[in-house]
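What follows is one structure encoded as C-alpha cells, with my remarks underneath.
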Amino acid sequence: MDGFDPATSFGPDVASRYDNSLRGDEQAACRFLAEVAGGGRVLEFAIGTGRIALPLAEQGVSVAGIELSRAMVDQLRSKPGGDALHVTVGDMSLERVPGTHSLVYLVFNSLFNLLTQDDQVRCFENAARHLADDGAFVVEAAVPSAWTAQHEYVRPEWVGTDSVGLDVCRYDPVTQLLEENHVTLSEKGIRFGPIVCRLIWPPEMDLMARIAGLRLAERWGGWDRQPFTADSKLHVSVYRRR
Ligand SMILES: C[S@@+](CC[C@H](N)C(=O)[O-])C[C@H]1O[C@@H](n2cnc3c(N)ncnc32)[C@H](O)[C@@H]1O
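Numbering of the sequence shown is given in numbering that gives the first Met the number 0, commencing with residue 0 and proceeding in unit increments.
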C-alpha cells in the first residue's frame with residue numbers, strides 16, 4: 000500500500016471510535032491473563048486504549064504498557080484509572096521498560112502490526128527481555144487461513160440505509176502482507192481506514208519464540224481454554240523460557 004505509515008493507522012480518529020464496539024472477549028481474557036500472572040507484575044505490548052489492561056488493573060493486577068500511538072494512549076488516559084497505568088510511548092519490538100514481569104502479553108492480532116519477520120522476531124526477543132525467569136509471554140492472534148483463502152476481496156462490513164462499510168483487502172503470500180482498507184461510504188462522504196498487517200501462522204510464531212529463547216508451553220483455541228483444533232479461528236499461545 001503506497002505511502003502507508005503504520006504509526007498513523009491508530010490515529011486520533013480511529014482512537015476516538017476504538018471502544019465504541021468492544022470485541023466481547025474482555026472478561027475471559029482478563030480471567031486468563033490474571034491466572035497466568037499469578038499476582039506478579041504485568042506488561043502489555045500494544046496496550047491501545049486499555050481495553051484489556053484497565054479491567055485487569057481493576058482486579059488488582061499491576062499493569063504497565065508500551066504503545067506506539069499517542070492518540071490511543073490519550074484515549075486510555077481519559078478513562079477512569081487510565082492515569083494510574085505506566086505507559087511508555089514507543090515501539091514494542093524495541094522499547095525497554097524497567098523491571099521484570101511475570102507476564103508480558105500481546106493480544107488482538109497486534110503482533111501482525113509489525114510488518115517484517117525481523118521486527119516480529121525482535122518483538123519476541125523484547126518480550127523475553129522483560130520476563131522474569133518463570134514468566135510467560137502470551138500471544139493471542141487469528142489463524143490467518145480464512146483471511147488468505149482469497150488473495151483479493153471486498154466484503155461488506157455493514158449495510159445501512161445511508162451508509163455502508165466495505166472491507167477492501169489484498170493479500171500477498173510472498174511477503175505475507177495483508178493490505179486492508181476499511182472504507183465507509185455515507186452522505187458525509189468517503190472515509191478510509193487503511194492498515195497493513197504481516198500475517199503469521201502459529202508454527203512461525205513458535206520458531207520466533209525459540210529464537211528468543213522461549214518455548215511453546217500451552218496453546219488454546221480461546222481464552223476459556225477451548226482446545227486448539229484445525230477449525231480454530233484464533234489461538235492463545237503461552238510461551239515460557241526453555
Ligand atoms: C488492534 S489494536 C489492539 C489494542 C489493545 N491491545 C486491545 O486489545 O484493544 C493494535 C494496537 O497496536 C498498536 N501498535 C501497532 N504497532 C505497534 C508497535 N510497533 N509498538 C507498539 N504498539 C503498536 C496500535 O497503535 C494499536 O493500539
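All C-beta atoms in this analysis are idealised placements derived from N, C-alpha and C, irrespective of residue type, glycine included.
- Bounds of the beta strand (DSSP E) holding residue 154 are 151-158.
- Every alpha helix (DSSP H) of 4 residues or more that sits fully in the segment 148-215 is shown, in chain order, as 201-210.
- Around the C-beta of residue 112, 16 or more other C-beta atoms lie within 10 Å, and the residue is accordingly described as buried.
- Membership of residue 94 in any alpha helix (DSSP H) is not indicated, and neither H nor E is assigned to it by DSSP.
- DSSP places residue 144 within a helical segment (H, G or I) once states are collapsed to three.
- The beta carbon of residue 91 sits closer than 8 Å to at least one heavy atom of ligand 1.
- With a minimum length of 3 residues, the unbroken runs of beta strand (DSSP E) contained wholly in the segment 29-56 fall at 41-44.
- In this chain, the alpha helix (DSSP H) harbouring residue 126 covers 116-128.
- In the assembly as shown, residue 31 is a buried residue. Its beta-carbon has 16 or more other beta-carbons within 10 Å.
- Not one heavy atom of ligand 1 sits closer than 8 Å to the Cβ of residue 0.
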